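> So for the sequence shown, the numbering used here puts the first residue at 252; every next one is plus one.
Even for Gly, the Cβ is constructed at its ideal location relative to N, Cα and C.
As the structure is a prediction and not an experimental result, all values here were calculated from the model.
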Amino acid sequence: MLTKTKSSTKGFRLVDSGYYAPDFQRLRVLQSLIEMDFRHNRDISVYAVKMDTSIHALNRLAKAYLGRSVYELLQDRIYREALYLLQYTKHSVKEISELLGFSDLPYFSRWFKQRNGETAKAYRKGFKT
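#1: What's the gap between the Cα of Ala371 and the Cα of Asn310?
#2: Which residue from Asp355, Tyr330 and His342 puts its Cα closest to that of Phe363?
#3: Classify Tyr358 as buried or exposed, calling it buried when 16 or more other Cβ atoms lie within 10 Å of its own Cβ.
#4: Measure the alpha-carbon distance for Tyr374 versus Phe353 and round it to whole angstroms.
#5: Can you give me the C-alpha to C-alpha distance between Ile349 and Asp274, rounded to a whole angstrom?
#6: Hey, out of Lys376, Gln365 and Leu312, whose CA is closest to Ala272's CA?
#7: Closest to Phe378 by CA distance: which of Leu336, His307 and Arg328 is it?
#8: Quick one: using the 10 Å Cβ neighbour count with 16 as the cut-off for buried, is Ala315 buried or exposed?
#9: Quick check: the Cα distance between Leu284 and Glu332, rounded to an integer number of angstroms?
#10: CA-CA distance, Thr260 and Asp288?
#11: Can you tell me whether Tyr298 is buried or exposed? The criterion is at least 16 other CB atoms within 10 Å of its CB, across all chains shown.
#12: I need the straight-line Cα distance from Arg293 to Tyr339, nearest angstrom please.
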């Protein structure tokens, strides 16, 4: 006959333990590396080297859990920073492009318009009105 026993883990929650599955730990490291270095480092192979893995394995991990490649994650972070700088700073669009590591303003303008549907100048103007 089976009897009920009290569990010694009463009230224990995995979330509170500080434990993260290895894949999630690696994703957190990747996101931290991108966050620290997105303005200066556009080469995803550097992230792979820092994490002691291949670009292919890193992309497979990112796509499996986040649905995006490492390059896309990096581009997304740069885009979010561009939006922030356009909304909350008085830097010129040229200064923002330089801050984000773009070599020339026309390329930044095309890059921003491709993601947003309007130029950075138009976005800033629309945001302020």
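Working from what's here:
#1: Answer to the nearest angstrom: the Cα atoms are 29 angstroms apart.
#2: When each option's Cα is compared against that of Phe363, the closest is Tyr330.
#3: exposed
#4: 18 angstroms
#5: Sequence inspection shows Glu at residue 349; the Ile mentioned does not correspond to that position. Straight-line Cα distance between these residues: approximately 34 angstroms.
#6: Leu312
#7: Leu336
#8: exposed
#9: 15 angstroms
#10: Any reading at Thr260 must be qualified, since the residue scores a pLDDT of 49, below 50, and its modelled position is unreliable; the value itself is stated next. Within the model, the alpha-carbon separation for Thr260 versus Asp288 is close to 41 angstroms.
#11: buried
#12: 24 angstroms
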